[in-house]
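The next block holds one structure in the form of structure tokens; read it before the comments.
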Amino acid sequence: MTTTAPSDVRPDPPESSGDRSLAEFGYRQELHRSLGRYASFAAGFSFISVLTTVFQFFAFGYAFGGPVFFWTWPAVLVGQLAVAACFAELAARYPISGAIYQWSSRLSNLSFGWFAGWIMVIGQIVVVAAAALALQMVLPAIWSGFQLVGSDPAPTSPDGAANAAVLGVILLVLTTLVNVIDNRVMSMINRIGVTAEIIGAVLIIVLLLTHSERSPGITFHTGQGSTGLFGALMVGSFMAAYVMIGFDSAGEMSEETHNPRRTAPRTILTALGAAGLLGGLIVFGGLLAAPSLTDGRLGVDGLSYVLTSSLGDGVGRALLADVVVAIAVATLAIQTAACRMLFSMARDHQLPFSRRLCAVNPRTGMPSAPALVVGVLAAALLLLNFASPDAFLAIGTTCIVMLYLAYAMVTGPLLVRRLRGQFTADGTDESGAPLFSLGRWGVPVNAIALVYGLFMTVNLAWPRAAVYDPAGGHWYFQWFTLLFLLVTLGFGFLYRAVRAQRGHSVPDPTLAVALPEPTR
């Protein structure tokens with residue numbers, strides 16, 4: 204008995220419209236084109252994974268912002284919808300794996316695009332590690348036996364931080380294996396997991412709202428110990444900023460999607476829209492249903508505490524089990540997106556060991572080497588948790604900053620092209636309909652996307668001691684995000700300098716022929 208829907212996974216046709224579209228950019232079809240619309244939606248939704256990220260960062264947002272941090276959610280959603288709208292236009296015109304790298308290269312130049320891809324793929328690897336750490340927020344709450352190290356499950360404690368690393372490494376072994384097996388297996392797990400996550404999210408929302416303890420007016424309160432409304436919102440926005448990233452994964456999977464020019468733009472927007480609606484309602488319901496807003500537990504244990512306390516151990520733990528599924532699927536999806544970025548850059552000979560990294564197994568349709576690289580590097584990052592519990596937040600914030608900066612390296616050049624009149628709505632998708640376009644709204648939406656992205660990048664990276672090094676004595680965690688970014692850029696410049704010295708500075712011809720706007 205199969206669980207695969209015929210409409211979502213179909214045999215590859217001899218030469219689909221997606222294959223011909225890829226050939227226009229100078230590439231040949233190597234990845235298996237087997238994903239339908241729901242599978243494409245699942246790729247973006249599972250990267251966002253509201254159950255994973257809301258449960259992971261709710262306690263942090265509440266601890267710093269109090270109930271008013273809820274309003275950062277719609278603010279971030281509006282900003283990211285502007286970014287997603289720009290990405291939807293680009294996904295229709297450049298349906299290629301390695302979306303951020305490919306889009307930035309074609310909108311600016313190959314060097315700028317390379318750094319966008321480099322920052323993005325390093326950021327994705329950090330996101331993989333951060334997502335795997337989320338298991339600590341739910342597994343010990345389901346059963347104390349999941350606390351394999353020490354006795355204190357709080358992720359801010361030494362025991363909790365170490366246990367989070369152990370659980371995370373175990374999960375990474377499993378996701379790496381799936382990312383090597385077959386893209387149909389990966390897609391099936393992704394779709395089943397996303398379906399379970401959506402059902403679980405709806406149940407959580409309904410149960411939280413029906414167990415409300417207070418009125419919605421509580422969302423206008425700043426909470427105890429707040430340093431002011433503006434400061435509370437700036438730090439409280441970290442949760443929403445962390446949740447609503449990765450919707451571009453539908454574009455990352457374009458080379459494996461049927462009719463990508465038509466499908467990817469829509470699934471980018473629907474994935475973010477669905478996640479934004481469900482996540483906002485979960486945060487809202489959690490604030491209304493929490494047994495207490497002043498006992499300190501909501502700022503430490505977060506939503507896990509709300510579910511088990513308000514809904515009872517049985518129902519609460521059953522819903523937390525669904526969160527575990529969401530975390531596993533999210534980690535898998537993020538790792539897959541990072542693998543496609545490595546594959547795309549390596550295919551253009553833009554990375555060390557490119558020949559190995561771009562090799563695709565003809566039987567599975569999967570590039571195996573990138574999966575191993577991402578898994579090993581993410582696991583290495585998890586070891587920071589053994590050094591200090593503060594690594595949990597440092598890793599989480601760093602990955603957001605990296606992705607936000609990479610996004611800005613796409614929306615920035617895109618805005619320049621619009622202002623110069625070099626970005627048009629010409630062309631049709633696979634159905635013969637005009638390509639997705641913002642039309643006359645392109646410039647204002649693009650400008651909002653860029654300004655919002657740069658503002659949030661600075662906000663997230665700002666080295667606040669109270670946020671990143673609350674206990675003191677770990678200056679490197681306070682400056683971790685900026686240091687990590689500088690090291691990433693430093694290695695990038697060093698690598699490109701060595702390439703140039705060895706005479707490898709000539710751009711790959713497959714990229715060069717694709718720089719002009721595509722026509723159909």
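Here the numbering used here = 1-based position in the sequence shown + 203.
Built from N, CA and C at the ideal position, the CB exists for glycine as well.
Query	Result
Measuring alpha carbon to alpha carbon, tell me which residue in Ala278, Ile303, Thr256 is nearest Val341.	Thr256
Distance, Cα to Cα, Phe433 vs Trp665?	15 Å
Tell me whether Leu496 sits in a helix, a strand or coil according to DSSP, three-state version.	coil
Relative to the alpha-carbon of Trp274, which residue among Arg623, Phe441, Phe546 has its alpha-carbon at the smallest distance?	Phe441
Which complete beta strand (DSSP E) runs does the region 550 to 580 hold, if anything under 3 residues is left out?	none
Going along the chain, which unbroken runs of the alpha helix (DSSP H) with 4 or more residues stay wholly within the region 439 to 472?	452 to 455
Measuring alpha carbon to alpha carbon, tell me which residue in Arg621, Gly630, Tyr655 is nearest Arg643.	Arg621
Who are the near neighbours of Ile421 in its chain, counting only those whose CB is closer than 8 Å to its CB and skipping five residues on each side?	Pro270, Leu490, Leu491, Leu496
Whose C-alpha, out of Phe228, Phe450, Ala245, is nearest the C-alpha of Ala529?	Ala245
Got a sec? Which residues, its chain only, sit under 7 Å from Val329 by beta carbon, not counting five neighbours each side?	Leu584, Ile598, Thr601, Cys602, Met605
Return the CA-CA distance between Val279 and Ala444, expressed in angstroms with no decimal places.	6 Å
Would you mind giving the Cβ-Cβ distance between Ala531 and Gly396, rounded to the nearest angstrom? I have them listed as a contact below 8 Å.	7 Å
So, Ala609 versus Ile303, is the Cβ gap smaller than 8 Å?	yes
For Asp355 and Val438, I'd like the C-alpha separation in whole angstroms.	26 Å
Taking three-plus beta-carbon pairs below 8 Å as touching, is the region 231 to 241 in contact with the region 331 to 340?	no
Apart from the five residues just before and just after Asn662, which ones in its own chain have a Cβ nearer than 6 Å to its Cβ?	Met437
For Trp682, which residues from the same chain have a beta carbon less than 6 Å from its beta carbon, with the 5 sequence-adjacent residues on both sides left out?	Pro666
Confirm, please, whether the CB-CB distance from Ala365 to Val376 is below 8 Å.	no
In three-state terms, what does DSSP make of Pro592?	coil
Check Ala653 in the structure and name its three-state DSSP category.	Looking at the sequence itself, residue 653 is Leu, so the reference to Ala does not match. Here Leu653 sits in helix by DSSP.
Within the present structure, is the beta-carbon of Asn564 separated from the nearest heavy atom of the ligand ZN by less than 7 Å?	By its list of ligands, the structure shown contains no ligand whatsoever, and the ligand ZN lies outside what it can speak to.
I need the boundaries of the alpha helix (DSSP H) containing Trp678, first residue and last residue.	678 to 681
Can you have a look at Ala344 and say buried or exposed, based on whether 16 or more other CB atoms are within 10 angstroms of its CB?	buried
For Leu543 and Asn386, what's the separation of their Cα atoms in angstroms?	Just to set this straight, residue 543 is Arg in the shown sequence, not Leu. Going from the Cα of Arg543 to the Cα of Asn386 covers about 12 Å.
At which residues does the alpha helix (DSSP H) containing Val324 begin and terminate?	313 to 336
Starting from Ile407, follow the alpha helix (DSSP H) in both directions and report where the run begins and ends.	386 to 413
Given that a residue counts as buried once 16 or more other Cβ atoms are within 10 Å of its Cβ, and exposed if not, what is Ile251?	buried
Using a Cβ-Cβ cut-off of 6 Å (strictly less than) and excluding sequence neighbours within five positions of Cys561, which residues of its own chain qualify?	Phe546, Ala549, Arg550
Specify, as a first and last residue, the run of the alpha helix (DSSP H) that Thr511 falls within.	506 to 513
Ends of the alpha helix (DSSP H) at Pro277?	275 to 296
Is the separation between the beta-carbon of Pro298 and that of Pro419 shorter than 8 Å?	no
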